[in-house]
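Numbering (the UniProt record's numbering), first residue to last: 1 to 500.
Glycine included, every Cβ here is placed at the ideal spot set by N, Cα and C.
Predicted model, so just to flag it, every value in this text is computed and none were measured.
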Amino acid sequence: MCCLKFNEDLTECTEVDVDNGFCYGGASRLMTAVENIRKTDDYVLLLDAGDQYQGTLWHVVHRHRPIVDMMNLLRYDAMSLGNHEFDHGIAGLEPFVNGVNFPVLAANVKLEKSALNLHIQNWIRFKIANISVGIIGFITPETATLSSPGPDVLFEDIIPSLKIQIQRMRQEGVDFIIALGHAGIEMDRLICQTVPGVDLVVGGHSNTFLYTGPVPSVENAVGPYPEVYGDDRRHCLVVTSYAFGKYLGSLRLQLDELKNGSIMKWAGNPILLDKRFTENEQMTELLKPYSAMLDVYKKKTIGKTMVELNGMCRISECNVGNLITDAVVEASIRKSEFDHSNSGLVVIVNGGSIRNFKLTSKSNFTMADLYHMVPFRNDFVHLTINGSQLLDVFEHSVSGYSTTNALGKFLQISGARVFYDLKQPAGKRVRSVLIRCQACTKGGDAYSMLADVKYNNRLSSISDVEAVLGYFKRHSPVTVGLEGRIMFTDDDLYVATCQS
């Protein structure tokens, strides 16, 4: 989220938020914070763990261009790829990799049929004082299904790939090794615990918040910063700095030159990028032309909402999810491509395709709001499946379910009502599913059970953007609410999700 500022709800700042000092992050504040550190510390590495692409109006309109300019001005030392960097295939990634002036790393990615294979490196080396520091990149293999990399990209298992390359790094005299990657906190921890030679893991993907001491904002820390593994002979640290550029991760290390760069001391915490940090003028001027081009989207009103629209859709039913799926149902029926009179028409959309979007009641809904809500422009496909397959789909929606580590595969639905019992083991959590007046009995985000189902059509290229646009034109002012489409039998969890 290179160029935006966010409020505490992680939705884009309004003018009121700005006036009240409730905005966080943004490239200009990040630049100020980084330059402050560079003024006081002799040796500084600025690293990024991926997912600079996607999720904002900036990327919808400008794609890679402002990200390249911003990161080059910040003088990053290295970056790992994230799954969203592959959302537009190799063709969408090439101009970014070719445009940045720092190394892009991914040791477990093979692109042998692409020229990018020469530009994306396994690892790099820096000389800091008398210590040889190596940085190796990694990315979740789930990118193959989470994103759209195409058939010519191979994602290998992370642990074996790292072990092979780290052995080479040690043989070539690297003392201190940083694993920089995008696979989530559990993989970060596993690397520290199982890959010999790794001293520090800088991670992303799971949007995990680590912090030592009282937290400076509304986030709940799931562990200290850093998490420490290893033994008295050699430590391995794990750090990650949440999401959306709200924080700058900051870790200071003292290394022992006599013991091959082992960590002697450490200190740090994520730095909240709030109003204490003035906006860097050079960065602001760099991004000003890009920002000006977005004003046309912010000024074009397409409807109005009478209720608050809430896009927090990864752990429970949300009214934005209801709006989107209802909009696709309407679009499908209006196109009259299928006879729905004798079949249950169900629309599902994964919560990860909906951004952290919030709009207050009695507000105009603009084109900018539309692209903030559904920035990925996903096309919908019409499938004919049986009840057993649909139950498998809903089971997958809550496999690995967690209110603290919300997963993008959690489904929002229209045309169905599903009841989950999360006290049951994964694979047996769907208590019942109602399809209109029918009940089923058991007979991209790794929904492999749909991979071999023959789709009937792409709904004449209906995307979430077109469907929502049409919905607002027909129903403005909208009053969409929660309807009990997704229910949990655990009362405590039900209360928690209803309040989220």
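So, at 7 angstroms on beta carbons, what are the nonlocal neighbours of residue i in its own chain, with the 5 sequence-adjacent residues on each side left out?
{"i": "Val-320", "result": "Leu-309, Asn-310, Gly-311, Cys-313, Ile-354, Phe-357, Met-373"}
{"i": "Gly-99", "result": "His-64, Val-68"}
{"i": "Phe-472", "result": "Ile-302, Gly-303, Phe-365, Val-478"}
{"i": "Tyr-211", "result": "Ala-221, Tyr-225, Asn-269, Pro-270"}
Which residue from the options puts its Cα closest to that of residue i?
{"i": "Val-218", "options": "Thr-240, Asp-231, Gly-230, Tyr-247", "result": "Tyr-247"}
{"i": "Leu-434", "options": "Gly-415, Arg-233, Lys-428", "result": "Gly-415"}
{"i": "Asn-364", "options": "Val-478, Arg-474, Glu-285", "result": "Val-478"}
{"i": "Val-195", "options": "Gln-171, Lys-300, Ile-164", "result": "Ile-164"}
{"i": "Leu-411", "options": "Ile-315, Glu-466, Asn-36", "result": "Ile-315"}
{"i": "Leu-84", "options": "Ser-148, Ile-131, Ile-124, Trp-123", "result": "Correcting the residue type first, residue 84 is His in the shown sequence and not Leu. Considering only alpha carbons, the answer is Ser-148."}
{"i": "Ser-463", "options": "Gly-184, Phe-380, Asn-220", "result": "Phe-380"}
{"i": "Arg-428", "options": "Gly-245, Ala-144, Thr-305, Leu-391", "result": "Per the sequence shown, the amino acid found at residue 428 is Lys instead of Arg. Comparing Cα-Cα distances from Lys-428 to each of Gly-245, Ala-144, Thr-305, Leu-391, the minimum goes to Leu-391."}
{"i": "Phe-86", "options": "Ile-271, Leu-294, Leu-116, Pro-103", "result": "Leu-116"}
{"i": "Lys-362", "options": "Ala-327, Val-296, Ser-388, Thr-305", "result": "Thr-305"}
{"i": "Cys-13", "options": "Asn-386, Ala-327, Phe-244, Ser-402", "result": "Phe-244"}
{"i": "Ala-406", "options": "Leu-162, Val-133, Ile-185", "result": "Ile-185"}
{"i": "Gly-25", "options": "His-382, Val-296, Tyr-242", "result": "Tyr-242"}
Taking C-beta to C-beta, are residue i and residue j nearer than 8 angstroms?
{"i": "Leu-255", "j": "Gly-261", "result": "yes"}
{"i": "Met-187", "j": "Ile-136", "result": "no"}
{"i": "Tyr-121", "j": "Leu-105", "result": "Residue identity differs from the one stated: residue 121 is Gln in this sequence, not Tyr. Yes, these two residues count as a Cβ contact at 8 angstroms."}
{"i": "Leu-287", "j": "Ala-27", "result": "yes"}
{"i": "Gly-204", "j": "His-182", "result": "yes"}
{"i": "residue 521", "j": "Ser-206", "result": "The question about residue 521 has no answer here: the residues shown for the chain are numbered 1 through 500."}
{"i": "Ile-413", "j": "Arg-485", "result": "yes"}
{"i": "Phe-155", "j": "Val-215", "result": "no"}
{"i": "Val-349", "j": "Thr-325", "result": "yes"}
{"i": "Leu-323", "j": "Val-480", "result": "yes"}
{"i": "Val-60", "j": "Pro-289", "result": "no"}
{"i": "Leu-482", "j": "Glu-227", "result": "no"}
{"i": "Arg-38", "j": "Glu-279", "result": "no"}
{"i": "Leu-47", "j": "Leu-180", "result": "yes"}
{"i": "Pro-103", "j": "Ala-144", "result": "no"}
Give me, in chain order, the residues of the same chain whose beta-carbon lies closer than 6 angstroms to that of residue i; leave out the 5 immediate sequence neighbours on both sides.
{"i": "Met-487", "result": "Phe-419"}
{"i": "Asn-101", "result": "Asn-72"}
{"i": "Gly-82", "result": "Gly-50, Asp-51, His-182"}
{"i": "Gly-352", "result": "Gly-408"}
Work out the CA separation of residue j and residue i for me, nearest whole Å.
{"i": "Val-307", "j": "Thr-360", "result": "7 angstroms"}
{"i": "Phe-22", "j": "Arg-276", "result": "11 angstroms"}
{"i": "Asn-342", "j": "Val-68", "result": "Its pLDDT being 48, under 50, Asn-342 is placed unreliably in this model, and the value from its coordinates should be taken loosely. Approximately 52 angstroms between the Cα atoms of the pair."}
{"i": "Phe-126", "j": "Ile-178", "result": "11 angstroms"}
{"i": "Ala-426", "j": "Glu-395", "result": "7 angstroms"}
{"i": "Gly-443", "j": "Ala-267", "result": "No answer about Gly-443 holds up, because its pLDDT of 38 lies below 50 and its placement is not dependable."}
{"i": "Met-367", "j": "Leu-57", "result": "9 angstroms"}
{"i": "Asn-269", "j": "Gly-213", "result": "9 angstroms"}
{"i": "Leu-237", "j": "Ile-90", "result": "33 angstroms"}
{"i": "Glu-142", "j": "Phe-96", "result": "21 angstroms"}
{"i": "Ser-114", "j": "His-88", "result": "15 angstroms"}
{"i": "Thr-208", "j": "Ala-292", "result": "33 angstroms"}
{"i": "Val-201", "j": "Glu-281", "result": "33 angstroms"}
{"i": "Val-44", "j": "Leu-273", "result": "19 angstroms"}
{"i": "Gly-150", "j": "Leu-93", "result": "12 angstroms"}
{"i": "Val-465", "j": "Ile-271", "result": "35 angstroms"}
{"i": "Ile-191", "j": "Leu-162", "result": "9 angstroms"}
When burial is assigned at 16 or more other CB atoms within 10 Å of the CB, is residue i buried or exposed?
{"i": "Asp-175", "result": "buried"}
{"i": "Asn-378", "result": "buried"}
{"i": "Ser-460", "result": "At Ser-460 the pLDDT is 49, less than 50, meaning the model places this residue with poor confidence; the figure from the coordinates comes in the next sentence. Counting Cβ neighbours within 10 Å, Ser-460 comes out exposed, since fewer than 16 surround it."}
{"i": "Thr-441", "result": "Per-residue confidence for Thr-441 stands at a pLDDT of 44, beneath the threshold of 50, marking its modelled position as unreliable; no derived number is given."}
{"i": "Val-347", "result": "buried"}
{"i": "Leu-258", "result": "exposed"}
{"i": "Gln-54", "result": "buried"}
{"i": "Gly-400", "result": "exposed"}
{"i": "Lys-298", "result": "exposed"}
{"i": "Leu-74", "result": "buried"}
{"i": "Gly-173", "result": "exposed"}
{"i": "Pro-66", "result": "buried"}
{"i": "Leu-294", "result": "buried"}
Go through its chain and collect everything with a Cβ distance to residue i's Cβ below 8 angstroms, but skip five positions before and after it.
{"i": "Thr-489", "result": "Phe-419, Tyr-420, Asp-421, Leu-422, Lys-423, Arg-431"}
{"i": "Glu-330", "result": "Ala-467, Gly-470, Tyr-471, Arg-474"}
{"i": "Asp-199", "result": "Phe-176, Ile-177, Ile-178, Arg-234, His-235, Cys-236, Leu-237, Gly-261, Ser-262, Ile-263"}
{"i": "Asn-130", "result": "Glu-257"}
{"i": "Glu-35", "result": "Asn-280"}
Check whether the Cβ of residue i sits closer than 7 angstroms to any heavy atom of the ligand SAH, and report yes or no.
{"i": "Phe-96", "result": "Absence of the ligand SAH from the depicted structure is noted, as is the absence of any ligand whatsoever, leaving it without description."}
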